[in-house]
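Asker: Going left to right, the sequence shown walks through residues 61 to 202 as the working numbering numbers them. For every residue, glycine included, the Cβ atom is placed at its ideal position computed from N, Cα and C. Nothing here was measured: the structure is a model prediction, and the numbers come from that model.
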Amino acid sequence: MTKMKEAMKAKDSVALASLRSIKSEILKAKTASSNKEDMSEADELKLVQKLVKQRKDSADLYLEQDRKDLADAELEEAKIIEQFLPAQLSEEEVGKEVKAIIAETGADSMKDMGKVMGLATQKLAGRADGKTISKIVKENLS
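#1: Going by the CB atoms, is the gap between residue 141 and residue 108 shorter than 9 Å?
#2: Go ahead and label residue 189 buried or exposed: buried means 16 or more other beta carbons lie within 10 angstroms of its beta carbon, across all protein chains shown.
#3: Where residue 84 and residue 168 are concerned, what is the direct C-alpha to C-alpha distance, given to the nearest angstrom?
#4: Nearest-angstrom Cα distance between residue 133 and residue 148?
#5: Mind pulling the alpha helix (DSSP H) runs of 4 or more residues that sit fully within the region 69-98?
#6: Take residue 187 as the anchor and find which of 80, 150, 74, 199 has the nearest alpha-carbon.
#7: With residue 180 and residue 157 assumed to form a contact (beta carbons below 8 Å), what rounded beta-carbon distance in angstroms separates them?
#8: Considering residue 132, what are the terminal residues of the alpha helix (DSSP H) in which it resides?
#9: Taking just the CA atoms, how far does residue 192 sit from residue 159?
#10: Give the secondary structure of residue 185 by DSSP, where H, G and I count as helix, E and B as strand, and everything else as coil.
#11: From residue 116 to residue 127, what distance separates their C-alpha atoms?
#12: Classify residue 67 as buried or exposed, calling it buried when 16 or more other Cβ atoms lie within 10 Å of its own Cβ.
#13: Please state whether DSSP places residue 147 in a helix, a strand or coil.
#14: Could you give the DSSP three-state label for residue 103: helix, strand or coil?
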């Protein structure tokens with residue numbers, strides 16, 4: 061709410077729209093769930109990650125269709141929303157974590173990918189996106 065007020069005072073329409081979308085999605089999720097009280101922090105992180113992913117996917121589609129103006133707007137919103145996520149890990153850091161998980165589970169082939177992905181997405185929640193984790197798991201198991 062503080063960031064929304066700041067965006068309103070600064071007349072930053074992109075930031076305001078981004079922040080309103082976060083607030084809207086959180087309210088929808090609270091209304092839809094059986095526990096109307098509070099969402100867990102993990103649920104909120106997942107929701108914010110989903111919003112960032114939606115913006116980036118939209119930007120990719122716009123770029124494919126040669127609509128750089130629309131893509132730039134989506135990427136700008138994604139950048140604002142990402143402020144509410146924990147610092148993202150680099151691919152090297154994700155690789156180290158994945159190798160540790162593979163060693164921990166004893167995985168040695170692509171058959172074990174589901175087991176490794178489950179643990180990795182749980183352990184790296186909010187700090188790395190699923191696409192990056194999946195890519196690194198595949199590299200290490202093949």
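Answerer: This is what the structure gives:
#1: Position 48 of the sequence shown, counting from 1, holds the residue named residue 108. Position 81 of the sequence shown, counting from 1, holds the residue named residue 141. Going by C-beta atoms, residue 108 is nearer than 9 Å to residue 141.
#2: Numbered from 1 along the sequence shown, position 129 holds the residue referred to as residue 189. Buried, because 16 or more other Cβ atoms sit within 10 Å of the Cβ of residue 189.
#3: If you number the sequence shown from 1, residue 84 lands on position 24. If you number the sequence shown from 1, residue 168 lands on position 108. Looking at the two C-alpha atoms, the distance is approximately 43 Å.
#4: Along the sequence shown, one-based indexing puts residue 133 at 73. Along the sequence shown, one-based indexing puts residue 148 at 88. Rounded to whole angstroms, residue 133 to residue 148 spans 22 Å at the Cα level.
#5: 73-92
#6: On the sequence shown, residue 187 is found 127 positions in, with the first residue counted as 1. Selected option, being the one with the closest Cα: 150.
#7: Numbered from 1 along the sequence shown, position 120 holds the residue referred to as residue 180. Numbered from 1 along the sequence shown, position 97 holds the residue referred to as residue 157. 7 Å between Cβ atoms; contact.
#8: The residue you call residue 132 lines up with position 72 of the sequence shown. Start and end: 128-142.
#9: Counted from its first residue, the sequence shown places residue 159 at position 99. Counted from its first residue, the sequence shown places residue 192 at position 132. One C-alpha to the other measures close to 14 Å.
#10: Against the sequence shown, residue 185 aligns to sequence position 125. DSSP places residue 185 in coil when its eight states are reduced to three.
#11: Along the sequence shown, one-based indexing puts residue 116 at 56. Along the sequence shown, one-based indexing puts residue 127 at 67. Those two C-alpha atoms are separated by around 14 Å.
#12: Numbered from 1 along the sequence shown, position 7 holds the residue referred to as residue 67. With 16 or more Cβ atoms within 10 Å of its Cβ, residue 67 is classed as buried.
#13: In the sequence shown, counting from the first residue as 1, residue 147 sits at position 87. Note: residue 147 maps to coil in three-state DSSP.
#14: Along the sequence shown, read from residue 1 onward, the residue named residue 103 stands at position 43. Residue state, collapsed to three classes: helix.
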